[in-house]
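Going by numbering that gives the first Met the number 0, the sequence shown opens with residue 0, and the numbers climb by one from there.
Beta carbons: idealized from backbone N, C-alpha and C, even for Gly.
Keep in mind the model is a prediction, meaning the values are calculated, not measured.
Written below as structure tokens is the structure these notes are about.
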Amino acid sequence: MASSPIEMPTAAVSTWPRRYTIVLLFALGTALCYIDRVNISIAIIPLARDRGYGPETQGLVLSAFFWGYIWLQMLGGWLADRYGGKRVLMAGVATWSLATALTPVAASISFDALLAARVILGAGEALNFPAVHSIAARWTVATERARAISLHFSGLCLGTMIALLVSPAIVLTLGWPSVFYLSGGLGIVWLALWQLKAANAPENCSGVSSHEMAVIAAGRPDLPLAENIPWGAIFREKAVWAIVIAHLCNNFGFYIILLWLPSYLAHNFQVPMARLGFMSVVPYAVAFLVQIGSGWIADVLQRHGFGLTAVRKSMQTAAFALGALPLLVLPTANSAQTAITLVTLSIGGSALGAGAYAVNHLDVAPRYAGILMGLSNTFATIPGIVGVALTGYILEKTNSFAAMFYLTAIVYCLGMVCYLKLGSGDRKI
């Protein structure tokens, strides 16, 4: 993260600001979140072979996570905005880490037990993004906001890369259950760091210097915990629905590719397990860099006088357009290398949204950023349930992924139009 635009005395510059540590922990926590979420996309291949699961059944396993994920988003956001996000996030990490570690045990009991473990995993992870947005609204200054959230979102791709690279090696050497035991145990390490370093707001943190407190206070509005939530104003505001629609449309493509890419490569191009991880990670390595860069670009444009609404709309338009175009060509790919190139262009392009819709909650309603993230992520979870399961159904009926790639491109275009029409970078609530 770059330094604050406010001039700092020489003595203060040498001190690492606590808000940077908080944002780094956001990114690491989200990386852990996605390691525990994505490892199933690799483990499902030997698991399905062992248990005799067909594509439709695999789709149910992959989508079960979202049945837990969808229900606690709003509650997590409300708890974080009302009582503070630190303990809400801790509860989420503890829950999803335990569910991850118990996944092999659940699979050995029954198919229903496996689904239950995935649902509980989703319930724990549901608290992550709302709690982080609530905390970030209180810790970040306006001119660092996009970088902070884009760095947080980069943990999404970092965790995905780690899961896709490391999981195949663990499966081949230790067996698929070890993937879940090892990744579940990482949660304990993160929880210890979070307990030591984090606080709901800088006002509650003994590690914040008086200089940093002055920088934060000057760079963001006063944001006390929310006692009364203006639900009517939230649900009536067009800019809120612009965020919701953009988030939903973005996740439609992201979840389908995230959870089905290894199976797509194995199904269409017979890519062996030893190469699946490396090939699948390429799009997320590019997206990781784009996500970090998108926040930097957005903040630089804002500092140079561009209106925040124009910045958010232009970046989100580019994200959807660059995400859609490669998907229209993807069904014609005749090699794994061509397919990965097109998927990389799509995932990398759509990652520009980290500097647009992903941070827009903090622009529109900073005091209620956790609730807004809970609202948008609730709707954005629907593609995980419908789209991921639908892909399995269509694959079983047609033996092809083409229809889902075309549908995803259409969804991206609809999201682009809606965000251009309804979006705003101004504070509304």
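{"Query": "How many angstroms separate the CA atom of Gly252 from the CA atom of Val214?", "Result": "39 Å"}
{"Query": "Let me know if Thr29 comes out buried or exposed under the rule of 16 or more other beta-carbons within 10 Å of its beta-carbon.", "Result": "buried"}
{"Query": "Hey, would you say Leu300 sits closer than 7 Å to Gly424, going by beta carbons?", "Result": "no"}
{"Query": "Within its chain, find whatever has a CB closer than 6 Å to the CB of Ala350; leave out the 5 residues flanking it on each side and keep chain order.", "Result": "Ala286, Val289, Gln290"}
{"Query": "DSSP on Ala197, reduced to helix/strand/coil?", "Result": "coil"}
{"Query": "Taking 6 Å as the limit between beta carbons, can you name the residues of its chain near Leu326, skipping five residues before and five after?", "Result": "Ser345, Phe404, Thr407, Ala408"}
{"Query": "Rounded to a whole number of angstroms, what is the C-alpha to C-alpha distance between Ala200 and Trp138?", "Result": "6 Å"}
{"Query": "Does the distance between the C-beta of Leu374 and the nearest non-hydrogen atom of the ligand GTP fall short of 6 Å?", "Result": "By its list of ligands, the structure shown contains no ligand whatsoever, and the ligand GTP lies outside what it can speak to."}
{"Query": "Pull up the CB-CB distance for Gly436 and Pro54, whole angstroms please, since I reckon it's below 8 Å.", "Result": "Residue 436 is absent from the model: the chain starts at 0 and stops at 428."}
{"Query": "For Ala1, which three-state DSSP category applies?", "Result": "Note that Ala1 has pLDDT 43, beneath the 50 cutoff, so the model's placement of it is unreliable and no number is given."}
{"Query": "Output the boundary residues of the alpha helix (DSSP H) element that contains Asn38.", "Result": "17 to 50"}
{"Query": "So, using beta-carbon positions, are Leu67 and Gly121 closer together than 7 Å?", "Result": "Before going on, a small fix: residue 67 reads as Gly here, not Leu. Closer than 7 Å, so yes."}
{"Query": "Given Val270, which residues of its chain have a CB within under 7 Å of its CB, disregarding the five upstream and five downstream residues?", "Result": "Leu264, Met278, Ala335"}
{"Query": "With distances taken from CA atoms, which of Ala63, Ala116, Pro261 is nearest Phe179?", "Result": "Ala116"}
{"Query": "Assuming Val289 is part of the alpha helix (DSSP H), what are its boundary residues?", "Result": "272 to 302"}
{"Query": "What is the rounded straight-line gap between the Cα of Val328 and the Cα of Leu341?", "Result": "8 Å"}
{"Query": "Would you call the CB atoms of Thr94 and Gly123 closer than 7 Å?", "Result": "yes"}
{"Query": "With DSSP as the reference, label Ser133 as helix, strand or coil.", "Result": "helix"}
{"Query": "Specify, as a first and last residue, the run of the alpha helix (DSSP H) that Pro325 falls within.", "Result": "307 to 328"}
{"Query": "Nearest to Pro16 by alpha carbon, out of Leu88, Leu97, Gly51, Met212?", "Result": "Met212"}
{"Query": "Can we say the segment 45 to 53 touches the segment 218 to 228, given the rule of at least three CB pairs closer than 8 Å?", "Result": "no"}
{"Query": "Straight-line CA distance for Gly83 to His303?", "Result": "34 Å"}
{"Query": "Please report the straight-line C-alpha distance between Trp429 and Asp362, rounded to a whole angstrom.", "Result": "Within the shown structure, residues of the chain are numbered from 0 to 428, placing residue 429 beyond reach of any answer."}
{"Query": "Hey, could you find the ends of the alpha helix (DSSP H) Gln269 is sitting in?", "Result": "Element bounds for Gln269: n/a, residue is neither H nor E."}
{"Query": "Compare the C-alpha of Ala402 against each of Ala198, Trp193, Val387, His132 and name the closest.", "Result": "Val387"}
{"Query": "Which one of Arg86, Ser293, Ala141, Gly174 has the shortest CA to CA distance from Gly347?", "Result": "Ser293"}
{"Query": "How long is the line joining the alpha carbons of Ile134 and Arg144, rounded to whole angstroms?", "Result": "12 Å"}
{"Query": "Skipping 5 residues on each side, what residues in its chain have a beta carbon closer than 6 Å to that of Trp77?", "Result": "Ile370"}
{"Query": "Going by beta-carbon coordinates alone, are Ala241 and Tyr418 separated by less than 7 Å?", "Result": "yes"}
{"Query": "Is the CB-CB distance between Met160 and Val280 below 7 Å?", "Result": "yes"}
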